[in-house]
Amino acid sequence: MNITMKIHLVIFAFMIMSLMSCSSFSLVNSEVYDHDALASHKTFHIVDLKMGTLPPQVDSETYECIVEAIRTQMLERGYRESANSPLLINFAITVHNDTVLTPPGSKETDGPHYSGTYPCYIYPQEYYWASHYLDAGVIDGIYEDGVLTIDVVNIKKKEPLFTSSVASIVDIDGNYRNDSEIDKAVILLFSDYPVAPMPQYRD
24 MNITMKIHLV IFAFMIMSLM SCSSFSLVNS EVYDHDALAS HKTFHIVDLK MGTLPPQVDS
84 ETYECIVEAI RTQMLERGYR ESANSPLLIN FAITVHNDTV LTPPGSKETD GPHYSGTYPC
144 YIYPQEYYWA SHYLDAGVID GIYEDGVLTI DVVNIKKKEP LFTSSVASIV DIDGNYRNDS
204 EIDKAVILLF SDYPVAPMPQ YRD
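Here's what the structure looks like:
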(Lines of atoms letter the chains of each structure in order from A and count residues from 1; the text may use other names and numbers.)
(Lines give C-alpha, C1' and ligand atoms only; values in the text may rest on other atoms or scores of the structure.)
Protein backbone atom coordinates (compact mmCIF):
# COMPACT_ATOMS: atom_id res chain seq x y z
CA MET A 1 0.00 0.00 0.00
CA ASN A 2 1.54 3.31 -1.06
CA ILE A 3 1.59 6.49 1.02
CA THR A 4 -1.13 8.20 -1.04
CA MET A 5 -3.55 5.33 -0.44
CA LYS A 6 -2.75 5.34 3.27
CA ILE A 7 -3.49 9.05 3.44
CA HIS A 8 -6.83 8.51 1.67
CA LEU A 9 -7.77 5.75 4.13
CA VAL A 10 -6.90 7.94 7.10
CA ILE A 11 -8.98 10.80 5.70
CA PHE A 12 -11.92 8.46 5.03
CA ALA A 13 -11.75 7.05 8.57
CA PHE A 14 -11.65 10.56 9.98
CA MET A 15 -14.73 11.52 7.95
CA ILE A 16 -16.65 8.50 9.24
CA MET A 17 -15.72 9.31 12.83
CA SER A 18 -16.75 12.93 12.32
CA LEU A 19 -20.14 11.92 10.95
CA MET A 20 -20.71 9.58 13.88
CA SER A 21 -19.77 12.24 16.39
CA CYS A 22 -22.22 14.67 14.79
CA SER A 23 -25.14 12.26 15.13
CA SER A 24 -28.23 13.78 16.70
CA PHE A 25 -28.89 10.60 18.68
CA SER A 26 -27.17 8.29 21.12
CA LEU A 27 -28.03 4.76 22.19
CA VAL A 28 -28.78 4.89 25.92
CA ASN A 29 -29.50 1.21 26.48
CA SER A 30 -29.98 -1.96 24.44
CA GLU A 31 -30.58 -5.45 25.84
CA VAL A 32 -31.44 -8.74 24.15
CA TYR A 33 -33.17 -11.12 26.57
CA ASP A 34 -34.06 -14.00 24.25
CA HIS A 35 -32.40 -14.16 20.83
CA ASP A 36 -34.03 -17.46 19.83
CA ALA A 37 -37.55 -16.30 20.69
CA LEU A 38 -37.15 -13.13 18.62
CA ALA A 39 -35.94 -15.17 15.66
CA SER A 40 -38.78 -17.68 15.95
CA HIS A 41 -41.58 -15.12 15.74
CA LYS A 42 -42.91 -14.32 12.27
CA THR A 43 -45.47 -11.62 13.12
CA PHE A 44 -45.63 -8.50 15.27
CA HIS A 45 -48.13 -6.02 16.68
CA ILE A 46 -47.32 -2.40 17.57
CA VAL A 47 -49.02 -0.97 20.64
CA ASP A 48 -52.11 1.08 19.79
CA LEU A 49 -54.18 3.60 21.68
CA LYS A 50 -56.83 0.98 22.47
CA MET A 51 -54.26 -0.51 24.84
CA GLY A 52 -53.45 2.73 26.65
CA THR A 53 -52.98 6.46 26.23
CA LEU A 54 -50.45 8.84 24.77
CA PRO A 55 -47.74 10.10 27.13
CA PRO A 56 -48.30 13.66 28.40
CA GLN A 57 -47.33 16.37 25.90
CA VAL A 58 -47.10 13.85 23.03
CA ASP A 59 -49.43 14.40 20.08
CA SER A 60 -50.95 11.86 17.72
CA GLU A 61 -48.71 12.97 14.83
CA THR A 62 -45.56 12.09 16.79
CA TYR A 63 -47.13 8.78 17.84
CA GLU A 64 -47.96 7.87 14.23
CA CYS A 65 -44.47 8.80 13.09
CA ILE A 66 -42.88 6.52 15.70
CA VAL A 67 -45.28 3.68 14.82
CA GLU A 68 -44.47 3.97 11.11
CA ALA A 69 -40.73 3.97 11.77
CA ILE A 70 -41.01 0.87 13.98
CA ARG A 71 -43.21 -0.84 11.39
CA THR A 72 -40.60 -0.22 8.69
CA GLN A 73 -37.85 -1.77 10.80
CA MET A 74 -39.88 -4.89 11.52
CA LEU A 75 -41.06 -5.36 7.92
CA GLU A 76 -37.48 -5.01 6.69
CA ARG A 77 -36.56 -7.88 9.00
CA GLY A 78 -39.14 -10.16 7.43
CA TYR A 79 -41.88 -9.94 10.05
CA ARG A 80 -45.54 -9.59 9.09
CA GLU A 81 -47.85 -7.23 10.97
CA SER A 82 -50.83 -8.91 12.63
CA ALA A 83 -53.25 -7.65 15.26
CA ASN A 84 -53.31 -11.16 16.75
CA SER A 85 -49.55 -11.51 17.08
CA PRO A 86 -48.19 -12.36 20.55
CA LEU A 87 -45.12 -10.25 19.75
CA LEU A 88 -45.99 -6.79 21.05
CA ILE A 89 -43.83 -3.73 20.49
CA ASN A 90 -44.57 -1.28 23.25
CA PHE A 91 -42.88 2.10 23.51
CA ALA A 92 -42.39 4.99 25.89
CA ILE A 93 -41.25 8.58 25.74
CA THR A 94 -39.56 10.08 28.77
CA VAL A 95 -41.37 13.29 29.69
CA HIS A 96 -41.52 15.64 32.63
CA ASN A 97 -44.85 15.51 34.38
CA ASP A 98 -45.50 16.54 37.97
CA THR A 99 -48.52 14.25 38.23
CA VAL A 100 -47.69 10.55 38.42
CA LEU A 101 -50.09 8.67 36.16
CA THR A 102 -51.37 5.42 37.66
CA PRO A 103 -53.31 3.35 35.09
CA PRO A 104 -56.76 2.17 36.19
CA GLY A 105 -56.57 -1.17 37.96
CA SER A 106 -52.82 -1.11 38.44
CA LYS A 107 -51.02 -1.16 41.75
CA GLU A 108 -49.07 1.92 42.78
CA THR A 109 -45.35 1.23 42.46
CA ASP A 110 -42.53 3.09 44.12
CA GLY A 111 -39.69 3.94 41.78
CA PRO A 112 -37.60 6.63 40.14
CA HIS A 113 -40.59 7.87 38.10
CA TYR A 114 -41.56 9.90 41.17
CA SER A 115 -38.76 12.36 40.31
CA GLY A 116 -41.20 13.90 37.82
CA THR A 117 -39.34 12.89 34.65
CA TYR A 118 -39.94 9.28 33.69
CA PRO A 119 -40.66 6.95 30.74
CA CYS A 120 -44.40 7.01 29.98
CA TYR A 121 -45.43 3.79 28.25
CA ILE A 122 -48.56 3.57 26.15
CA TYR A 123 -49.26 0.08 27.50
CA PRO A 124 -48.21 0.07 31.19
CA GLN A 125 -44.91 -1.75 31.49
CA GLU A 126 -45.72 -3.16 34.93
CA TYR A 127 -48.35 -5.39 33.29
CA TYR A 128 -45.59 -7.55 31.82
CA TRP A 129 -42.39 -6.51 33.61
CA ALA A 130 -42.80 -6.22 37.35
CA SER A 131 -39.09 -5.58 37.98
CA HIS A 132 -38.90 -2.59 35.63
CA TYR A 133 -38.41 0.15 38.18
CA LEU A 134 -35.62 -1.71 39.93
CA ASP A 135 -33.83 -2.40 36.64
CA ALA A 136 -34.43 0.95 34.94
CA GLY A 137 -33.21 2.91 37.93
CA VAL A 138 -29.60 1.98 37.17
CA ILE A 139 -29.69 2.79 33.45
CA ASP A 140 -27.84 6.05 32.93
CA GLY A 141 -29.76 8.54 30.83
CA ILE A 142 -33.13 6.81 30.58
CA TYR A 143 -34.74 9.53 32.70
CA GLU A 144 -33.64 12.36 30.39
CA ASP A 145 -36.44 14.25 28.65
CA GLY A 146 -37.18 12.97 25.14
CA VAL A 147 -35.67 9.49 25.45
CA LEU A 148 -37.55 7.00 23.26
CA THR A 149 -37.70 3.41 24.56
CA ILE A 150 -39.10 0.27 22.95
CA ASP A 151 -39.90 -3.06 24.58
CA VAL A 152 -40.44 -6.13 22.42
CA VAL A 153 -42.50 -8.58 24.46
CA ASN A 154 -44.23 -11.92 24.14
CA ILE A 155 -47.42 -10.47 25.58
CA LYS A 156 -49.18 -13.83 26.02
CA LYS A 157 -46.37 -15.14 28.21
CA LYS A 158 -45.51 -11.70 29.61
CA GLU A 159 -41.87 -12.23 28.64
CA PRO A 160 -39.67 -9.25 27.67
CA LEU A 161 -37.44 -10.24 24.74
CA PHE A 162 -35.67 -6.99 23.79
CA THR A 163 -35.47 -3.41 25.02
CA SER A 164 -33.70 -0.36 23.64
CA SER A 165 -33.57 3.36 24.43
CA VAL A 166 -32.29 6.29 22.37
CA ALA A 167 -31.79 9.96 23.18
CA SER A 168 -33.40 12.19 22.16
CA ILE A 169 -36.42 12.78 19.94
CA VAL A 170 -36.79 16.26 21.45
CA ASP A 171 -34.64 19.07 20.04
CA ILE A 172 -32.87 21.80 22.02
CA ASP A 173 -35.99 23.97 21.86
CA GLY A 174 -38.13 21.24 23.43
CA ASN A 175 -39.97 20.36 20.21
CA TYR A 176 -40.40 16.85 18.86
CA ARG A 177 -38.23 16.12 15.84
CA ASN A 178 -39.60 15.68 12.33
CA ASP A 179 -40.39 12.41 10.55
CA SER A 180 -36.97 11.87 9.01
CA GLU A 181 -35.19 12.51 12.31
CA ILE A 182 -37.47 10.12 14.19
CA ASP A 183 -36.76 7.53 11.48
CA LYS A 184 -33.04 7.87 12.25
CA ALA A 185 -33.69 7.51 15.98
CA VAL A 186 -35.68 4.31 15.46
CA ILE A 187 -33.01 2.88 13.15
CA LEU A 188 -30.54 3.37 16.01
CA LEU A 189 -33.00 1.73 18.44
CA PHE A 190 -32.89 -1.40 16.29
CA SER A 191 -29.12 -1.36 15.73
CA ASP A 192 -28.58 -4.22 18.22
CA TYR A 193 -31.76 -6.13 17.38
CA PRO A 194 -30.65 -9.74 16.80
CA VAL A 195 -32.69 -10.31 13.63
CA ALA A 196 -30.95 -8.50 10.79
CA PRO A 197 -32.74 -6.71 7.93
CA MET A 198 -33.25 -8.77 4.79
CA PRO A 199 -30.40 -8.44 2.25
CA GLN A 200 -32.23 -5.95 0.04
CA TYR A 201 -32.51 -3.50 2.95
CA ARG A 202 -28.91 -3.67 4.13
CA ASP A 203 -26.54 -0.80 3.39
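This note's numbering puts the first residue of the sequence shown at 24, with every later residue one more than the last.
Beta carbons are placed, not taken as given, at the ideal position from N, Cα and C, and that holds for glycine.
Computed from a predicted structure; not experimentally measured.
Rounded C-beta distance between residue i and residue j? I'm assuming under 8 angstroms.
i, j, result
"residue 85", "residue 117", "Actually they do not touch by this definition, with Cβ atoms about 13 angstroms apart."
"residue 113", "residue 148", "7 angstroms"
"residue 48", "residue 97", "About 19 angstroms separates the two Cβ atoms, so there is no contact after all."
"residue 170", "residue 188", "5 angstroms"
"residue 145", "residue 95", "That belief does not hold up - the Cβ atoms of residue 145 and residue 95 are roughly 19 angstroms apart, past 8 angstroms."
Alpha carbon to alpha carbon, what distance is there between residue j and residue i?
i, j, result
"residue 108", "residue 191", "29 angstroms"
"residue 99", "residue 225", "9 angstroms"
"residue 208", "residue 182", "25 angstroms"
"residue 104", "residue 218", "16 angstroms"
"residue 79", "residue 151", "22 angstroms"
"residue 230", "residue 53", "No answer is possible for residue 230: the residues shown for the chain start at 24 and end at 226."
"residue 64", "residue 115", "23 angstroms"
"residue 89", "residue 167", "18 angstroms"
"residue 212", "residue 180", "24 angstroms"
"residue 220", "residue 210", "11 angstroms"
"residue 69", "residue 87", "11 angstroms"
"residue 201", "residue 193", "10 angstroms"
Can the beta-carbon of residue i be found closer than 8 angstroms to that of residue j?
i, j, result
"residue 205", "residue 92", "yes"
"residue 178", "residue 142", "no"
"residue 50", "residue 203", "no"
"residue 184", "residue 62", "no"
Please identify the residue among the options whose C-alpha is closest to the C-alpha of residue i.
i, options, result
"residue 55", "224, 216, 223", "216"
"residue 222", "101, 78, 73", "101"
"residue 74", "212, 111, 219, 211", "111"
"residue 72", "50, 203, 106", "106"
"residue 81", "119, 220, 58, 104", "119"
"residue 227", "83, 186, 69, 220", "This structure leaves residue 227 out entirely; the chain is present only between 24 and 226."
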